[in-house]
Amino acid sequence: MADYKKPDYWQLKARKEGYPARSVYKLKEMDEKFALLKTGGGAPSVCRVLDLGAAPGSWSLYALRKMAAKGFLVSADISPLSRQYDGGLFDGDNFFFVQGDITDPAIQGIILSRGPYSLIISDTAPATSGNRSVDAARSLELAGAVLDYAEKALVKGGSLVLKVFQGGDTAELLKRIKTLFDTAKGFKPRSCRSESFETYYIGMGRNEEPRGMYPVFHSAGK
Ligand SMILES: C[S@@+](CC[C@H](N)C(=O)[O-])C[C@H]1O[C@@H](n2cnc3c(N)ncnc32)[C@H](O)[C@@H]1O
-8 MADYKKPDYW QLKARKEGYP ARSVYKLKEM DEKFALLKTG GGAPSVCRVL
42 DLGAAPGSWS LYALRKMAAK GFLVSADISP LSRQYDGGLF DGDNFFFVQG
92 DITDPAIQGI ILSRGPYSLI ISDTAPATSG NRSVDAARSL ELAGAVLDYA
142 EKALVKGGSL VLKVFQGGDT AELLKRIKTL FDTAKGFKPR SCRSESFETY
192 YIGMGRNEEP RGMYPVFHSA GK
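Residues in the sequence shown are numbered from -8 upward in steps of one, following my numbering.
Printed below as a string of structure tokens:
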């Protein structure tokens, strides 16, 4: 049984490199493998990213640091972001944070109105209850909500990273991802705790235009 109170290798590395959570290394590994946060070239040339379940904010900081002025990030979480390491990045003109439940229609409206997005990343996870099948079912529900965002607000050609707890009907989830993207695969980053039952799905190449009404692609601004 892991001792979660004692900082592990990845937590210590995160603190040293200025990130509030070890989860940054999962995104970094997926970005290095799948070139998720590519900026410049292609259409749209400005990367517009949506980070769901963003607190305490490591993935958001990674995206902002990597994209610099070439990208725009919208992040959402029930909890606030940590301001310990952002050095003012969360006050920047290329960042917008929505505090609320991503399944709440009012919050959805705010997030969708700032799209469409070229990349959606979701590390959203329910608070765990200790009952693995209950937790897996809640995680699947959240993953379904994230896929709704991908359907409505991801540009054609855009990509998705989605966390889900194994143990529920992930086959059905993967099937739905496959209908929305040219390629879909599962990936377990090295920095996931060995006993963790989380995994990630990556959808690349959204195969249709977003279903939401987007007359113009936002290239900048909140
Ligand atoms: C593992 S943490 C995300 C860590 C984050 N990627 C980072 O690097 O700092 C999962 C997050 O999902 C959020 N979450 C869970 N259910 C949510 C919901 N319905 N709406 C918004 N956020 C949610 C939690 O509040 C929590 O902050």
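Glycine included, C-beta positions come from ideal geometry on N, C-alpha and C.
*CB W1 to CB S182, shorter than 8 Å?*
Taking the first residue of the sequence shown as position 1, residue 1 is located at position 10. Taking the first residue of the sequence shown as position 1, residue 182 is located at position 191. Yes, the pair counts as a contact, with Cβ atoms nearer than the cut-off.
*How should K154 be labelled, buried or exposed, when 16 other C-beta atoms within 10 angstroms of its C-beta is the threshold for buried?*
Looking up residue 154 in the sequence shown gives position 163. Under this definition K154 is a buried residue.
*Does the beta carbon of S66 fall short of 7 Å from some heavy atom of ligand 1?*
One-based indexing of the sequence shown puts residue 66 at position 75. Checking every heavy atom of ligand 1 against the Cβ of S66, none is found closer than 7 Å.
*Closest to L80 by CA distance: which of Y53, P96, I102 and T170 is it?*
Here the question's residue 80 lines up with position 89 in the sequence shown. Checked all of Y53, P96, I102 and T170; the closest Cα to L80 is Y53.
*Could you give the distance in angstroms between the alpha-carbon of G44 and the alpha-carbon of L138?*
Looking up residue 44 in the sequence shown gives position 53. Looking up residue 138 in the sequence shown gives position 147. For G44 and L138, the distance between alpha carbons rounds to 13 Å.
*Does ligand 1 have even one heavy atom less than 7 Å from the beta-carbon of A116?*
By 1-based counting over the sequence shown, the position of residue 116 is 125. Yes - ligand 1 has a heavy atom lying nearer than 7 Å to the Cβ of A116.
_Residue closest to S70, alpha-carbon to alpha-carbon, out of A59, T161 and G48_ = Residue numbering aside, residue 70 sits at position 79 when the sequence shown is read from its first letter. Ranking A59, T161 and G48 by Cα distance to S70 puts G48 first.
*Any heavy atom of ligand 1 within a distance shorter than 7 Å of the CB on P47?*
Working through the sequence shown from its first residue, we reach residue 47 at position 56. Checking the Cβ of P47 against ligand 1 gives yes.
_At least three beta-carbon pairs within less than 8 Å, the stretch 84 to 91 to the stretch 107 to 124_ = no
*Report yes if the C-beta distance between E142 and R202 is below 8 Å; otherwise report no.*
One-based indexing of the sequence shown puts residue 142 at position 151. One-based indexing of the sequence shown puts residue 202 at position 211. Yes.
*Report the option in A46, A59 and G135 whose CA atom is closest to the CA atom of C38.*
Indexing the sequence shown from 1 puts residue 38 at position 47. That would be A59, whose Cα lies nearest to the Cα of C38.
*Around the Cβ of A34, are there at least 16 other Cβ atoms within 10 angstroms (buried) or fewer (exposed)?*
Position 43 of the sequence shown, counted from the start, is the residue given in the question as residue 34. Here A34 scores only 41 on pLDDT, less than 50, and its place in the model should not be relied on; the value that follows carries that caveat. Label assigned to A34: exposed.
*Can you find a heavy atom of ligand 1 that lies under 7 Å from the Cβ of D92?*
Taking the first residue of the sequence shown as 1, we reach residue 92 at position 101. Yes, Cβ of D92 sits closer than 7 Å to a heavy atom of ligand 1.
*How would you call K17, buried or exposed, if buried means at least 16 neighbouring beta carbons within 10 angstroms?*
Here residue 17 refers to the residue found at position 26 of the sequence shown. Per the 10 Å Cβ criterion, buried.
*Give me the Cα-Cα distance between L165 and L3, rounded to the nearest whole angstrom.*
Mapped onto the sequence shown, residue 165 falls at position 174. Mapped onto the sequence shown, residue 3 falls at position 12. Cα atoms of L165 and L3: separation of roughly 34 Å, rounded to the nearest angstrom.
*Got a sec? Which residues, its chain only, sit under 6 Å from G32 by beta carbon, not counting five neighbours each side?*
If you number the sequence shown from 1, residue 32 lands on position 41. With a pLDDT of only 43 at G32, under the threshold of 50, the placement of this residue in the model should not be trusted; the figure read from the coordinates follows. Correct list: empty, nothing qualifies.
*Taking the C-alpha atoms as reference points, what is the distance between V214 and P(-2)?*
What the structure shows of the chain is the stretch from -8 to 213, and residue 214 is not part of that stretch, so it cannot be assessed.
*asked:* Is P71 a contact residue of ligand 1, with contact defined as CB to any heavy atom under 7 Å?
replied: Counting from 1 along the sequence shown, the entry for residue 71 is found at position 80. P71 Cβ: outside cutoff for every heavy atom of ligand 1.
_Need the endpoints of the beta strand (DSSP E) that D95 sits in, please._
The sequence position of residue 95 within the sequence shown is 104, counting from 1. Per DSSP, D95 belongs to no beta strand (DSSP E) and is neither H nor E.
_When you measure from the CB of P11 to every non-hydrogen atom of ligand 1, does any distance come out below 7 Å?_
Within the sequence shown, numbered from 1, the residue matching residue 11 stands at position 20. Yes, ligand 1 has a heavy atom inside 7 Å of this Cβ.
*Considering I111, what are the terminal residues of the beta strand (DSSP E) in which it resides?*
Counted from its first residue, the sequence shown places residue 111 at position 120. Y108 to S113 is the extent of the beta strand (DSSP E) around I111.
_Cα-Cα separation between L145 and R167, rounded to whole angstroms_ = As a first step, residue 145 must be located in the sequence shown, where it is residue number 154. As a first step, residue 167 must be located in the sequence shown, where it is residue number 176. One C-alpha to the other measures close to 15 Å.
*Looking only at its own chain, which residues have a Cβ that is under 6 Å from the Cβ of F107, when we skip the five neighbours before and after it?*
Counting from 1 along the sequence shown, the entry for residue 107 is found at position 116. The question names Phe, but residue 107 in the sequence shown is Pro. Sequence-distant Cβ neighbours of P107 in its own chain, meaning closer than 6 Å and more than five residues away, are A144, V146, P201 and Y205.
*Cβ-heavy atom distance between S187 and ligand 1 below 7 Å?*
As a first step, residue 187 is located in the sequence shown; it is residue number 196 there, counting from the start. Because no heavy atom of ligand 1 lies under 7 Å away, the Cβ of S187 does not count as near it: no.
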